[in-house]
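Just so we're aligned, residue 1 is where the sequence shown starts under the working numbering, counting upward by one.
Yeah, the Cβ is synthetic: ideal placement off N, Cα and C, and Gly gets one too.
Predicted model only: the values in this text are computed from it and were never measured.
Report on the following structure.
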Amino acid sequence: FNAEMELEQKDQIIIYSSSRTHANAQAAEFDATWKICETLDYSHPGSLEFFLTERYCLYSSHKQKLYRSRIFHQPWPLKRASLSSFNSTMIESHKLPTPKGDPLLHYAEEISVDIWPLEEV
């Protein structure tokens, strides 16, 4: 989907917003502010953090075909994050129920990633 997005960082505070602008698509917005907290140990296989963050393939589809690109990067240097404000209609715009409970947040500085060419799967 096309969207207008903004990202701002003020010291340890991140302010992010996104508003869908895609023609003929259900309107959706996302606004959140969070604070970067303490550094976490590197995630290890079997942990929730590893499952959520350590991905080594990217996928795409085009004209009824599926493509995969292998990637390589060092483990993400994760930090805990605490949510200050949050408003989203992204999930509901797809007719899915609003998740229960508090969102789970992590933060990481950028890292270098090597990406191989797409291959048809």
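How many Å lie between residue i and residue j at the Cα?
i, j, result
"residue 20", "residue 90", "9 Å"
"residue 71", "residue 118", "10 Å"
"residue 65", "residue 37", "41 Å"
"residue 4", "residue 106", "23 Å"
"residue 103", "residue 15", "16 Å"
"residue 47", "residue 55", "13 Å"
"residue 111", "residue 101", "30 Å"
"residue 116", "residue 94", "32 Å"
I'd like to know whether the C-beta atoms of residue i and residue j end up nearer to each other than 7 Å.
i, j, result
"residue 35", "residue 82", "yes"
"residue 62", "residue 113", "no"
"residue 50", "residue 60", "no"
"residue 25", "residue 1", "yes"
For residue i, which residues in the same chain have their Cβ closer than 8 Å to its Cβ, ignoring the five residues on either side in sequence?
i, result
"residue 108", "53, 76, 77, 78 and 79"
"residue 57", "68, 69, 70 and 71"
"residue 40", "49, 78, 79, 80 and 106"
Cβ of residue i within 6 Å of any heavy atom in the ligand ATP?
i, result
"residue 3", "Within the structure as shown, the ligand ATP is missing, as the structure has no ligands at all."
Excluding the 5 residues preceding and the 5 following residue i in the sequence, name in chain order all residues of the same chain whose CB lies nearer than 7 Å to its CB.
i, result
"residue 13", "33 and 35"
"residue 96", "none"
"residue 98", "91 and 92"
Is residue i close to chain D? Criterion is C-beta to C-beta, closer than 7 Å.
i, result
"residue 88", "Looking at the structure shown, chain D is missing, and only one protein chain is on hand."
Excluding the 5 residues preceding and the 5 following residue i in the sequence, name in chain order all residues of the same chain whose CB lies nearer than 6 Å to its CB.
i, result
"residue 85", "33"
"residue 17", "6 and 31"
"residue 8", "15"
"residue 121", "66 and 68"
Fill in: the region 22-33 / the region 87-104 touching (three or more Cβ pairs under 8 Å)
yes
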